[in-house]
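Each number in this note's numbering corresponds to the 1-based position in the sequence shown with 58 added.
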Amino acid sequence: MEFARDGDWAACFDLTDHSGEPKVFVYDLGNKENFYEKENFDQWLRFVLNNT
């Protein structure tokens with residue numbers, strides 16, 4: 059489920075994870091081979107705030 063966008067980049071939760079702390083997958087929608095993942099929302103948010 060996509061919850062954030064920045065240009066071609068989209069951040070999505072791992073919907074197969076039922077732990078309550080799902081991984082976050084971030085994809086370049088213009089090049090789906092270009093992506094990264096974070097262990098959970100908090101880790102993703104810290105990464106985004108530190109790289110703006």
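Note that the Cβ used here is the ideal one computed from N, Cα and C, for glycine as well.
- ASP100: member of the alpha helix (DSSP H) spanning 99-108, first to last residue.
- The DSSP-derived three-state label of LYS90 is coil.
- Scanning TRP67, PHE99 and LEU73 for the CA closest to the CA of LYS90 turns up TRP67.
- Secondary structure note for GLU60: its beta strand (DSSP E) is the uninterrupted segment 60-64.
- A Cβ-Cβ contact shorter than 7 angstroms links LYS96 with VAL82.
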